[in-house]
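Okay, structure first, notes after.
Protein chains: 2
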Amino acid sequence: MARRFDAIRGNGKRQPAVPIDAAFTMDYVHRLRFTSDVLDPANPVLREVLAKTEDSPGRLVVVVDQGVAEAWPGLCERIDDYVIDALDWMTLAAPVQIVPGGETCKNDWSVYESVARTIHDAAICRHSYVLVIGGGAVLDAAGFAAATAHRGVRLVRLPTTTLAQADAGIGVKNGINAFGKKNFLGCFAVPWAVINDEKFLTTLTDRDWRCGLSEAVKVALLKDASFFDIIESAAPRLKERDQTAMRSIVRRSAELHLQHIVSCGDPFEMRGARPLDFGHWSAHKLEQMTDFSVKHGEAVAIGLAIDVLYSATMGRLPGSEAERVVRLLEALGFSLYHAALNDPALFEGLEDFREHLGGQLTITLLDAIGRPFDVHEIDLARMSDAIAHLATVAARPLS
Amino acid sequence: MARRFDAIRGNGKRQPAVPIDAAFTMDYVHRLRFTSDVLDPANPVLREVLAKTEDSPGRLVVVVDQGVAEAWPGLCERIDDYVIDALDWMTLAAPVQIVPGGETCKNDWSVYESVARTIHDAAICRHSYVLVIGGGAVLDAAGFAAATAHRGVRLVRLPTTTLAQADAGIGVKNGINAFGKKNFLGCFAVPWAVINDEKFLTTLTDRDWRCGLSEAVKVALLKDASFFDIIESAAPRLKERDQTAMRSIVRRSAELHLQHIVSCGDPFEMRGARPLDFGHWSAHKLEQMTDFSVKHGEAVAIGLAIDVLYSATMGRLPGSEAERVVRLLEALGFSLYHAALNDPALFEGLEDFREHLGGQLTITLLDAIGRPFDVHEIDLARMSDAIAHLATVAARPLS
Chain A
0 MARRFDAIRG NGKRQPAVPI DAAFTMDYVH RLRFTSDVLD PANPVLREVL AKTEDSPGRL
60 VVVVDQGVAE AWPGLCERID DYVIDALDWM TLAAPVQIVP GGETCKNDWS VYESVARTIH
120 DAAICRHSYV LVIGGGAVLD AAGFAAATAH RGVRLVRLPT TTLAQADAGI GVKNGINAFG
180 KKNFLGCFAV PWAVINDEKF LTTLTDRDWR CGLSEAVKVA LLKDASFFDI IESAAPRLKE
240 RDQTAMRSIV RRSAELHLQH IVSCGDPFEM RGARPLDFGH WSAHKLEQMT DFSVKHGEAV
300 AIGLAIDVLY SATMGRLPGS EAERVVRLLE ALGFSLYHAA LNDPALFEGL EDFREHLGGQ
360 LTITLLDAIG RPFDVHEIDL ARMSDAIAHL ATVAARPLS
Chain B
0 MARRFDAIRG NGKRQPAVPI DAAFTMDYVH RLRFTSDVLD PANPVLREVL AKTEDSPGRL
60 VVVVDQGVAE AWPGLCERID DYVIDALDWM TLAAPVQIVP GGETCKNDWS VYESVARTIH
120 DAAICRHSYV LVIGGGAVLD AAGFAAATAH RGVRLVRLPT TTLAQADAGI GVKNGINAFG
180 KKNFLGCFAV PWAVINDEKF LTTLTDRDWR CGLSEAVKVA LLKDASFFDI IESAAPRLKE
240 RDQTAMRSIV RRSAELHLQH IVSCGDPFEM RGARPLDFGH WSAHKLEQMT DFSVKHGEAV
300 AIGLAIDVLY SATMGRLPGS EAERVVRLLE ALGFSLYHAA LNDPALFEGL EDFREHLGGQ
360 LTITLLDAIG RPFDVHEIDL ARMSDAIAHL ATVAARPLS
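As structure tokens, this is what we get:
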């Protein structure tokens with residue numbers, strides 16, 4: 000019935016009103032860099048990403064997560080100096096802007112609006128740059144502003160947490176929370192570049208240091224059993240904040256994440272599955288139920304534990320493998336139980352998850368470490384059993 | 000230096016931190032339909048666009064421009080009936096929502112927010128549908144909400160004005176005005192479908208009837224000299240509101256617009272040119288300077304006249320051709336002069352235009368009807384001459 004647009008011939012004369020289905024294609028490039036101390040003027044990474052091009056007027060605004068600014072006194076001055084010393088074709092078009100961070104910064108429009116206003120006031124155009132330095136929440140809210148001001152200016156992300164470097168900062172999403180739903184408003188937008196600077200990880204709290212590891216475990220469970228083994232071996236060093244071990248884990252997690260985006264065939268999630276959100280239906284709900292006192296990475300650890308135990312309850316994943324996952328998450332320092340798991344409201348997370356993605360419910364489970372499969376129904380009684388089982392497993396001391 | 004992602008081999012072990020440039024591609028389909036009386040249950044067009052698919056839960060919300068609801072008493076009831084009679088697999092998930100229309104509805108977040116809230120309250124998911132019936136402004140503001148709720152739900156546009164049917168409603172843009180800049184916030188998003196229902200045109204005011212014709216002239220000037228001839232021949236009938244003539248002009252304009260989007264190679268305007276915005280640098284500014292009392296289509300008529308006269312002043316377009324364009328616009332009923340053109344603030348429109356698109360200024364001019372070319376500089380003295388010339392030409396009575 001429908002025809003391709005290129006079949007159309009027209010000279011303005013009346014034609015039968017046949018439907019037109021016009022297909023077109025867009026090419027995208029997602030740039031990912033790994034470095035240490037990106038703001039050292041001798042470090043070429045940021046300079047190369049912001050390379051002088053004919054079509055850019057060389058204007059830059061920089062947005063910094065307040066928590067990062069506090070952890071790195073003098074950071075704003077270093078940014079000023081870097082632009083002067085290393086980016087001679089570029090102008091800092093506004094003073095470095097510090098915005099509140101943490102998941103609650105996504106609960107209203109304030110960070111979005113202040114960044115959009117800066118982009119306006121600083122006359123940032125579509126070929127100018129917005130550099131955002133911060134955790135996943137600031138990257139999300141400021142990134143949404145950058146993606147929608149002028150329908151999208153060039154966004155360079157410098158994720159500063161293990162979670163943002165291993166996972167959230169790599170994605171092609173942005174957004175804020177609205178109407179009590181996490182990430183309800185946002186869009187898909189490919190960043191100009193993402194630069195993972197491991198130096199930022201050194202000042203994280205122990206909780207934030209740990210948080211990215213649950214996402215690393217997640218992507219290992221989905222994509223790469225050998226990576227799971229590596230995380231298992233590295234767990235004691237990771238818990239003791241061994242920077243070399245973390246560098247390797249974050250890097251591989253980021254790569255697997257990016258590889259998924261560019262090779263899955265559905266980077267903007269038009270279809271029904273969202274495999275990278277393994278364990279996330281309960282995690283997102285748990286965050287909301289606890290007013291975000293449980294951090295995203297902590298909630299994901301719990302969510303993974305729930306869904307691997309459910310996979311075992313359903314007879315798909317061997318119990319020993321489920322236990323192995325639970326014990327790795329504990330070895331990394333995660334607490335795997337929270338009183339809110341007793342609240343039946345948790346199960347609303349399934350409907351929120353279905354609705355956000357659309358169509359029928361699709362939940363990813365495991366047949367084995369590294370071998371996921373999808374289901375379209377959840378047996379709530381068995382899911383309750385899995386959660387009850389987690390309460391006992393999680394309580395058991397590490398041997 | 001950079002490499003393609005598919006060259007990566009990884010097993011979690013440390014590798015040199017080479018940069019990753021990961022390329023990927025997205026396929027889009029843009030559906031355009033032409034019909035009359037789409038809400039007649041016997042008319043298959045909307046039913047086919049909203050066809051039952053496995054991945055859709057069959058939920059629908061409908062947003063209607065207040066002006067359309069007023070012009071068509073009983074419209075909301077007809078929509079209710081249509082869903083019951085013609086869409087048996089679909090549920091109207093909320094009462095039909097009426098929102099204020101006209102360009103001023105884009106001056107704040109209110110339409111955006113009310114539509115986003117409806118999408119939330121009605122549990123519209125990414126595979127559910129939002130149907131928006133209205134002029135270009137409502138399509139823009141409500142479309143921005145649809146594009147960002149859940150990062151994008153399926154949007155079906157029913158443009159109700161000649162301007163929206165010939166031009167604005169066909170595009171892959173949405174947005175609202177902010178910080179005094181037209182369309183400052185928005186995103187690129189391909190609608191699920193656009194349905195041009197010519198019946199809606201019958202109740203337009205003469206001004207709104209006329210407004211789409213300037214965009215039709217624009218696309219003819221850019222793409223199709225024979226279409227310009229056709230508009231010229233049809234001008235007397237168009238002015239007298241001949242529906243058959245308008246059907247043909249709107250249709251060809253919409254097709255040329257869509258053809259440009261899908262074949263230009265840059266549908267999301269990542270690069271430096273925006274050829275479909277011929278005549279728009281002054282038009283957008285004139286709208287703002289007059290608090291939108293000059294309508295978009297009226298401003299575009301003036302903007303076209305300015306840029307064809309400037310093309311002539313620069314020795315590129317023969318003066319007789321420029322005059323031909325001016326006289327066609329007048330024959331269609333447009334007034335081609337406005338006191339605000341004397342205000343030098345008009346020229347700020349050039350910088351707004353440059354900034355919105357990014358990079359260097361790119362303005363499209365004409366060598367001939369149907370033969371555009373781009374310039375990167377505007378000679379302001381000559382542009383002032385062109386505008387002064389317009390004042391005299393426009394004052395001359397039609398012969």
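First to last, the sequence lines map onto chains A and B.
Just so you know, the first sequence maps onto residues 0 to 398 in numbering that gives the first Met the number 0.
Just so you know, the second sequence maps onto residues 0 to 398 in numbering that gives the first Met the number 0.
Cβ coordinates follow ideal geometry from the N, Cα and C atoms, glycine included.
None of these values were measured; they are calculated from a predicted model.
Nearest CA to the CA of residue i: which residue from the options?
{"i": "residue 290 of chain B", "options": "B:55, B:142, B:179 and B:100", "result": "B:179"}
{"i": "residue 349 of chain B", "options": "B:34, B:277 and B:292", "result": "B:277"}
{"i": "residue 124 of chain A", "options": "B:345, B:183 and B:49", "result": "B:183"}
{"i": "residue 310 of chain B", "options": "B:264, B:20, B:250 and B:385", "result": "B:385"}
{"i": "residue 144 of chain B", "options": "B:157, B:159 and B:118", "result": "B:118"}
{"i": "residue 54 of chain B", "options": "A:270, A:393 and A:279", "result": "A:270"}
{"i": "residue 207 of chain B", "options": "B:31, B:292, B:263 and B:30", "result": "B:292"}
{"i": "residue 181 of chain A", "options": "A:140, A:218 and A:189", "result": "A:140"}
{"i": "residue 50 of chain B", "options": "B:86, B:298 and B:24", "result": "B:86"}
{"i": "residue 83 of chain A", "options": "A:41, A:336 and A:112", "result": "A:41"}
{"i": "residue 18 of chain B", "options": "A:24, A:26 and A:43", "result": "A:43"}
{"i": "residue 299 of chain B", "options": "B:272, B:314 and B:335", "result": "B:335"}
{"i": "residue 409 of chain A", "options": "A:230, A:228, A:245 and A:275", "result": "Shown here, chain A extends from 0 to 398; a query on residue 409 of chain A therefore has no answer."}
{"i": "residue 70 of chain B", "options": "B:31, B:199, B:28 and B:288", "result": "B:199"}
{"i": "residue 202 of chain B", "options": "B:68, B:23, B:337 and B:77", "result": "B:68"}
{"i": "residue 267 of chain A", "options": "A:387, A:189, A:28 and A:197", "result": "A:189"}
{"i": "residue 47 of chain B", "options": "B:61, B:74, B:65 and B:89", "result": "B:89"}
{"i": "residue 95 of chain B", "options": "B:113, B:185, B:216 and B:109", "result": "B:113"}
{"i": "residue 204 of chain A", "options": "A:342, A:72 and A:160", "result": "A:160"}
{"i": "residue 105 of chain B", "options": "B:376, B:197, B:288 and B:185", "result": "B:185"}
By how many angstroms is the C-alpha of residue j removed from the C-alpha of residue i?
{"i": "residue 233 of chain B", "j": "residue 325 of chain B", "result": "16 Å"}
{"i": "residue 138 of chain B", "j": "residue 187 of chain A", "result": "20 Å"}
{"i": "residue 254 of chain A", "j": "residue 162 of chain A", "result": "13 Å"}
{"i": "residue 80 of chain B", "j": "residue 374 of chain A", "result": "37 Å"}
{"i": "residue 98 of chain A", "j": "residue 210 of chain B", "result": "44 Å"}
{"i": "residue 20 of chain B", "j": "residue 261 of chain A", "result": "10 Å"}
{"i": "residue 115 of chain A", "j": "residue 148 of chain A", "result": "6 Å"}
{"i": "residue 155 of chain B", "j": "residue 272 of chain B", "result": "28 Å"}
{"i": "residue 246 of chain B", "j": "residue 239 of chain B", "result": "13 Å"}
{"i": "residue 397 of chain B", "j": "residue 303 of chain B", "result": "No answer about residue 397 of chain B holds up, because its pLDDT of 45 lies below 50 and its placement is not dependable."}
{"i": "residue 227 of chain A", "j": "residue 263 of chain A", "result": "21 Å"}
{"i": "residue 327 of chain B", "j": "residue 308 of chain B", "result": "14 Å"}
{"i": "residue 354 of chain A", "j": "residue 126 of chain B", "result": "9 Å"}
{"i": "residue 318 of chain B", "j": "residue 306 of chain B", "result": "12 Å"}
{"i": "residue 11 of chain B", "j": "residue 65 of chain A", "result": "Residue confidence for residue 11 of chain B is low, a pLDDT of 39 falling below 50, so the modelled location carries little weight; the figure read from the coordinates is stated next. Rounded to the nearest angstrom, the two C-alpha atoms are 32 Å apart."}
{"i": "residue 197 of chain A", "j": "residue 102 of chain A", "result": "22 Å"}
{"i": "residue 78 of chain B", "j": "residue 61 of chain B", "result": "8 Å"}
{"i": "residue 294 of chain B", "j": "residue 230 of chain B", "result": "21 Å"}
Could you give the C-beta distance for residue i and residue j, rounded to a whole number, given that I count them as a contact under 8 Å?
{"i": "residue 351 of chain A", "j": "residue 284 of chain A", "result": "7 Å"}
{"i": "residue 132 of chain B", "j": "residue 63 of chain B", "result": "5 Å"}
{"i": "residue 320 of chain B", "j": "residue 368 of chain B", "result": "6 Å"}
{"i": "residue 150 of chain A", "j": "residue 358 of chain B", "result": "Contact doesn't hold; Cβ gap of about 14 Å is too wide."}
{"i": "residue 379 of chain A", "j": "residue 333 of chain A", "result": "Not confirmed; about 25 Å, so no contact."}
{"i": "residue 33 of chain B", "j": "residue 250 of chain B", "result": "6 Å"}
{"i": "residue 315 of chain B", "j": "residue 364 of chain B", "result": "6 Å"}
{"i": "residue 121 of chain B", "j": "residue 146 of chain B", "result": "In fact, because the Cβ distance is near 17 Å, the residues do not count as touching under 8 Å."}
{"i": "residue 221 of chain B", "j": "residue 371 of chain B", "result": "5 Å"}
{"i": "residue 191 of chain B", "j": "residue 58 of chain B", "result": "Rounded, the Cβ-Cβ distance is 14 Å, inconsistent with contact."}
What residues from the region 271-291 of chain B come within 7 Å of chain A, judged by C-beta to C-beta, listed N to C? 271
Contact residues within the region 145-169 of chain B, judged by C-beta distance below 9 Å to chain A: Against chain A - using a Cβ distance shorter than 9 Å - the residues of the region 145-169 of chain B are 146, 147, 148, 149, 150, 151, 152 and 153.
At a Cβ cut of 9 Å, what residues of the region 44-56 of chain B count as close to chain A, listed as they run along the chain? 44, 47, 48, 52, 53, 54, 55 and 56
What runs of the alpha helix (DSSP H), each 4 residues or longer, lie entirely inside the region 118-195 of chain B? List check, alpha helix (DSSP H) in window: 135-147 and 161-165.
According to a CB-to-CB cut-off of less than 7 Å, which residues of the region 28-41 of chain B neighbour chain A? Interface annotation for the region 28-41 of chain B against chain A: 28, 29, 30, 31, 32, 33 and 34, criterion Cβ-Cβ distance under 7 Å.
For the region 347-372 of chain B, list every residue whose C-beta sits within 9 Å of some C-beta in chain A, in sequence order. Listed in sequence order: 350, 353, 354, 355, 356, 357, 358 and 359.
4 or more residues per run - each alpha helix (DSSP H) lying fully within the region 282-347 of chain B: 295-312 and 318-330
Let me know the beta strand (DSSP E) ranges lying completely inside the region 73-111 of chain B, each 3 residues or longer, listed in chain order. Taking only runs of at least 3 residues, the beta strand (DSSP E) segments lying wholly in the region 73-111 of chain B are 96-98.
Which residue spans inside the region 205-250 of chain B form an unbroken alpha helix (DSSP H) run of at least 4? 205-222 and 224-238
Against chain B, which members of the region 183-204 of chain A pass a CB distance test of less than 7 Å? 183, 184, 185, 186 and 187
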